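Q: What follows is a single structure, and I will ask about it in a moment.
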Amino acid sequence: MAGKTVTRADLAESVFRKVGLSRTESAELVETVIDEICNAIVRGETVKLSSFATFQVRSKNERIGRNPKTGEEVPISPRRVMTFKASNVLKQRILKSHLARKAKQKPANPAS
21 MAGKTVTRAD LAESVFRKVG LSRTESAELV ETVIDEICNA IVRGETVKLS
71 SFATFQVRSK NERIGRNPKT GEEVPISPRR VMTFKASNVL KQRILKSHLA
121 RKAKQKPANP AS
């Protein structure tokens, strides 16, 4: 099930409505926060946003992969990848939302 995509503009609008900064200040604040997170990740630092997630850069060694079409073995170069680990708080919120949505969609059983 695909949901709505939340953009930077949506985040800025939310800050505008909830915090009371001007629209311009709200957009600048959102941009600054996202830039700081990105810069820290690029520097290889771990970014932990309490009750949300942890972003971390990992180094992966060279390994042998396989082309799924041909089955041919191909070397995969060493690289650095970013990982995203959702917090338990976020996982619980997602599960709760999923269960609530599932309960709403459950059709009533007609009497036999």
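Start counting at 1 in the sequence shown, then tack on 20, and there's your number in my numbering.
All C-beta atoms, glycine included, are put in the ideal place defined by N, C-alpha and C.
In this text, all values refer to a predicted model and were calculated from it rather than measured experimentally.
Pair every Cβ in the region 60-75 with every Cβ in the region 91-110, then say whether three or more of these pairs are closer than 8 Å.
A: Counting Cβ pairs under 8 Å, three or more are found: they touch.
Q: Mind pulling the alpha helix (DSSP H) runs of 4 or more residues that sit fully within the region 25-68?
A: Taking only runs of at least 4 residues, the alpha helix (DSSP H) segments lying wholly in the region 25-68 are 28-39 and 43-62.
Q: Label A32 either buried or exposed according to how many other C-beta atoms from any shown protein chain fall within 10 Å of its C-beta, with 16 as the threshold for buried.
A: As a first step, residue 32 must be located in the sequence shown, where it is residue number 12. By the 10 Å Cβ count, A32 comes out buried.
Q: Using DSSP bridges, identify the partner residues of Q112.
A: As a working note, residue 112 is residue 92 in the sequence shown. In the DSSP output, where bridge partners are listed per residue, Q112 has none listed.
Q: Provide the residue span of the beta strand (DSSP E) that contains P95, from first to last.
A: Stepping through the sequence shown from its first residue, residue 95 is reached at position 75. Element bounds for P95: E93 to I96.
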